[in-house]
Structure formats: structure tokens, C-alpha cells
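Asks:
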Amino acid sequence: MGLVKTAALVAVILGLSVCVRGAAPSIGAPAPDFALTTLDGKPFSLAEAARSRQAIVLMFIATKCPYSNAYNARMREMAAVYGAKGVLFAGINSNKSEPADEARAHAKEHGHTFPIMKDPDNKVADLYDAKRTPEIFVVDREGKLRYHGRIDENYENPSQVASPDLKNALDAILDGKAVEKAETKAFGCTIKRV
Amino acid sequence: MTRRAFALLFLFLAANALLAAASRLAGEVDAKGLANAVARERGRVVLVNFWATWCVPCREEFGSLVRLQEAHGKHLRVIGVSTDFARERQAVEKFLTEQKPNFPNYHKKSGGDDQEFIAAVDPSWGGELPFSVLYGRDGRKVKVLSGKQSYRDFEREVRRALDGSSPASRPARIRTRAAVRASAEASPEPRGLPLGRQG
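Residue numbers (this note's numbering), protein chains in the order written: chain A, 14 to 207; chain B, 8 to 206.
1) Between P178/B and chain A, is there a C-beta pair that is closer than 8 Å?
2) Name the one or two DSSP bridge partners that D10/A has.
3) With 7 Å as the C-beta to C-beta threshold (strictly closer), list the residues of the segment 189 to 200 of chain A near chain B in chain order.
4) Measure the beta-carbon distance from F110/B to V140/B and round it to whole angstroms, keeping in mind my assumption that it falls under 8 Å.
5) Under 8 Å, CB to CB, which of the residues in the segment 139 to 155 of chain A have a partner in chain B?
6) By a C-beta neighbour count over all protein chains shown, 10 Å radius and 16 as the cutoff for buried, is R145/A buried or exposed?
7) Which residues share a DSSP beta bridge with N56/B?
8) Strictly under 8 Å for the Cβ-Cβ distance: is G87/B near chain A by that measure?
9) For E115/A, decide whether its Cβ has a neighbour in chain B, counting only Cβ atoms nearer than 8 Å.
10) Would S65/A count as contacting chain B if we go by Cβ distances under 8 Å?
11) Report the three-state DSSP secondary structure of S176/B (helix, strand or coil).
12) What residues match up with C62/B in a beta bridge as DSSP calls it?
13) Find out if the Cβ-Cβ distance for the pair G133/B, K198/A is shorter than 8 Å.
14) Distance check for K155/B and A48/A, CA to CA, integer angstroms please.
15) Could you tell me the alpha carbon to alpha carbon distance between S117/B and A93/B, rounded to whole angstroms?
16) Closer than 7 Å, Cβ to any Cβ of chain B: which residues of the segment 165 to 176 of chain A, in chain order?
17) Roughly how many whole angstroms lie between the Cα atoms of V45/B and E68/B?
18) Does the beta-carbon of G143/B have 16 or more other beta-carbons within 10 angstroms, so that it is buried, or is it exposed?
19) Can you tell me which of S157/B, G171/B, A168/B, H114/B puts its alpha carbon nearest to the alpha carbon of L41/B?
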């Protein structure tokens, strides 16, 4: 094998060995599939969940992050309202500093009945290049990413929300329309990675 | 009457001066105000650090910023920006009183849409805290640092900026397999692609 081809092969192998965290999936592209176990011991597969739902809302959350906790009630309420319309909300805790027991206690304290999963070694966070909590990814029934970003713009005052971005995205998806504002940003806590 | 009016005016001015002196914050800032604060430091390397009192890694790295400012004196300006909720102002003042920073700290103005602020600071910033942005002496952005940094990490990047050896760049990112292949094949425009389905 020539020197150039050998060097190229080595580069590819080295590249493969470090390529564990890619860019965030693009809007409209297939959302990376994954399988985890919920805090109450049930298997969760994104691909399977998407097949039987109108959409899946993946929420990277935390127990100790004030930004994530500011949205506890809104997550709970939206999960109930949109659950009735065939949308599944699922929480993912990728923080190495928040063990399953703590996540379970937090969910109980805040009345979260949607599935919540620990993400060992933050593999799913890496797949999605999730950077903060809360951070939302909405996957449609075809497995495509349709929205990425925040729940709304006002973490402090739920009664004064001017831009209910997640709600707007879900309404558009359920109506079979394009999501107008498909990517948004907000402050949050860094995900505590291994 | 006149004497009383003067006394009241004096008390009013004194009270305001005391209040201003009591605050450890340099003021409130929006994206434009922050850009102006950075521009005023042209000729120095500037490190802007976004933090919040509830953010444990932010608190943990704050001492490193104080050391950094001390170590580099007039060649570096550290600027802190608290992104705490408006109602946490007291906690911010308490934190700054404890930390005794040798650099100005601002409070991000409340109200408005945070994502405009985030996007104005840097398009690669997802809003995660802590987050730092490094500017060269010419005012150009040279590096962004996401997450908690050690003193050594900050020191290395500041030294590079002081030496002028760090080119203006986006944060380093691990490239996807397709991009590595494209690079190996000497493609002119390597592009990242989704990783695809994984079990």
C-alpha cells in the first residue's frame, strides 16, 4: 500500500477513534437513534417510540439546575396536554453528578410522570451535542429532527411568556406544517460530562 | 426652609452615593453595552466570562479569573457578566463581596429575549454556563471556552492571545467521520453530517 493511502487509512482510523461527539443533528435530518432504560426500569427506544407517536420531545434536564427547574411545571403541563394529542415527552439526565436515585427523587418531588432516563457516560448527550439543561429536541414520527432549543424565552415568569417556541413547534408538527422557528437558544447549565 | 432643603438634598445625594458604593457591580449590560465595554479595552487582551451564582462550576473557576487578572495586570482585562435572574441580585452582591474580584463585573440586563444576547456574543454559544470569550489586543475574537476552565487552561489561552499566535477561530470541534474522510481525500470543503442511527 502506498504511503499516501497508508497515511489516509491511519487518519481515518484515528478519526474514528476520537469521533464520539459530533455536531448537533440538523433540522430535517434523521435524529440519532438510541436506547436507554427509564428510571423505573423500562426500556426506551427512540425509534420505537417515534413509530407510535405524533412526535417525541427529548428534554435534557437536571435536578440541580435553576434553569431546568424553572421549567418543571411547564414540562409537566405540556406533557399532559400534548400527551393527549399523541406527543411523548421524555427527560434525559446526562449529568455525571446526578445519580439515578437523585433523579428519581426529583421526578417524584415535581410530579413528573413522563419517562426519565439516566444517560450513562453522556452518550446520548454526545450524539445530540446537547450542551445545556434544559435543551429540547423534537423528533417527528418519521424520526426526523423538527425543533431544537428552548421551551420558551421566559424562564422567570411563565405567565409572561411572549415566545412559546416549543408549543409553537409542536402545534405546527401536529398540523402537518413546517416549524417556523425551528432553532432557538437559551441560558442553561452545562451538562456535567464524564 | 432653604436650610432644610439643602439638608434633604445632601441626605439624598449621600444615600445615592452610599448605594452606588455598596454595589460590587459595574452596572447592567446588554449585548451592545458589552461590545462597547470590550472595545474600550482595545490594546489589551480581554477575557469575558459569563457566570451565575447558582452555577457551581462558574463559582469554582471564578478564583482562577482573579488570579489571572492579578498575574497579567495591565496586559489583560477580565470582564465578568452575571446572568443571574433579576431577583437574585442580593446573591450576586454577596458572591462578589466574598470573591473580591479585581475586574469589573456586570449584570446582564433583564427582559428581552436572551437568545439575541447569546447570538450576539457568539453564534456557537448554546447558552451554557460557564462560558468565556477571549479577544485579542486588536479587539477581534480569538477563542471561545465552553464549560469550566482550570487556571492552566485560561493561562494558556491568554498567553497565546498576548503572543498574538492564536488565529481568530471558532471553538475546536470533533469532526464527523465524513469530514475526516473528506479531509483525508483532500476535499476542499469538508462538511459534518449526522451520525445516523445508532442502537
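Idealized CB from N, CA, C, for every residue including glycine.
Replies: The short version:
1) With a pLDDT of only 45 at P178/B, under the threshold of 50, the placement of this residue in the model should not be trusted, and no figure is reported.
2) Outside the displayed span of chain A (14 to 207) sits residue 10/A, for which this structure offers no information.
3) T197, K198, A199, F200
4) Actually they do not touch by this definition, with Cβ atoms about 14 Å apart.
5) L140, K144, R145, E148
6) buried
7) G87/B, S139/B
8) no
9) no
10) no
11) At S176/B the pLDDT is 41, less than 50, meaning the model places this residue with poor confidence; the figure from the coordinates comes in the next sentence. Note: S176/B maps to coil in three-state DSSP.
12) Paired residue(s): none; C62/B is not in a bridge.
13) yes
14) 29 Å
15) 6 Å
16) E166, E169, S176
17) 21 Å
18) buried
19) H114/B
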